[in-house]
Every structure is written in structure tokens, then in C-alpha cells.
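Residue numbers (the numbering used here): 11 to 172.
Here a beta-carbon is modelled for each residue, glycine too, at the ideal position from N, C-alpha and C.
Data first, discussion second: the structure below is written as C-alpha cells.
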């Protein structure tokens, strides 16, 4: 049975922080404020994968009240989620995601993000989609106050060997 999960995350911009998206450092004067590296893309993907497997959400597995997650790379979250899925005998079929931010332009970094995600999940780059859009100047994201990401993930049970 194919299972699907949805994820969303948003963080505000702050000075003296790095902008990390999909595990890639994006040159920017502002970064995202958060307990970990605030990688909204990986957080949304983790939530989508956890949701597809009915394993809760990122806050349950990596609470911002736990000091061991302070400033940690969100790639480590994705590794943990991948390992949880493996233990529960699921494999990732597809991940589709959209990053929403006004600036900076991130198109040159998308292939690197896809590669990071695919390698971390142990899947092909053709199974990972990362897109970017703006909010057309509308709302807090359109005003450049932050960055959000949406993700949907499809998983399936690992086929038993005959």
C-alpha cells in the first residue's frame, strides 16, 4: 500500500545566522532563526516522511527544548527519519517540495539540494523534486520576513523477498 505524507515549515530571517536549505549553505546576509540550523526544506521533508509512516512529527522526534539539537545540521534529522522508516520496513518512493522566499534567488543551488536529499535518503535524484517560488510580495513571506517550505512524500512497504 502506497502511503503519502505532507510537511510544512516556516522560519523568520535573522542576522548572524547562516541560510541553509536542503543542507546547502546559500550566500545571504540573513539566515533563518531556529533551534537547529533552521533548514525549512529538510524540516518539511522530515515531517512529510514521518507523516506518511504515521510516526508523528519533527517536534516529537527532535524537540527544540532538547539542547542536543541546538545548531545541529538538519541532514542528521533526515538520516534519523530514514533509519526510522527502514526499521518500520518502508522505502521512499518520491519526495516533492517547494521553497517559498523572496530573496535570495536559489535556483543555482537546487540541484545540490536534490543531491543531498537523495543521497541521505538512499534514493535517486529523479525521485526528489525541489522547486522554488516567491509569494509575489504578499504577506510576511512576500515582505521578505522569512522562508517556508512545503513537502509531500510517498513511501511504500519494502517488498518481502520470496
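Find the nearest neighbour of residue i within the set the options, judged by alpha-carbon distance.
| i | options | result |
| --- | --- | --- |
| residue 134 | 123, 76 and 141 | 123 |
| residue 88 | 71, 98, 75 and 99 | 71 |
Suppose you measure from the CA of residue i to the CA of residue j; what does that come to, to the nearest Å?
| i | j | result |
| --- | --- | --- |
| residue 153 | residue 26 | 20 Å |
| residue 47 | residue 77 | 13 Å |
| residue 30 | residue 38 | 10 Å |
| residue 175 | residue 28 | Here the chain comprises residues numbered 11 to 172, so residue 175 is not present and cannot be evaluated. |
My output table needs one value for residue i: the three-state DSSP class, helix, strand or coil.
| i | result |
| --- | --- |
| residue 23 | strand |
| residue 16 | strand |
| residue 162 | strand |
| residue 45 | coil |
| residue 141 | strand |
| residue 156 | strand |
| residue 38 | coil |
| residue 105 | strand |
| residue 68 | helix |
Determine whether the beta carbon atoms of residue i and residue j lie at a separation below 8 Å.
| i | j | result |
| --- | --- | --- |
| residue 142 | residue 121 | no |
| residue 165 | residue 59 | yes |
| residue 52 | residue 109 | no |
| residue 102 | residue 131 | yes |
| residue 20 | residue 158 | yes |
| residue 139 | residue 106 | yes |
| residue 163 | residue 55 | yes |
Use the C-beta contact count for residue i: other C-beta atoms within 10 angstroms, 16 or more gives buried, fewer gives exposed.
| i | result |
| --- | --- |
| residue 49 | buried |
| residue 40 | buried |
| residue 36 | buried |
Can you find a heavy atom of the ligand GDP that lies under 7 Å from the Cβ of residue i?
| i | result |
| --- | --- |
| residue 12 | Of the ligands one can find in the structure shown there are none, so the ligand GDP has no counterpart to examine. |
Does residue i have its Cβ less than 8 Å from a Cβ in chain B?
| i | result |
| --- | --- |
| residue 86 | No chain B is part of this structure, which consists of one protein chain only. |
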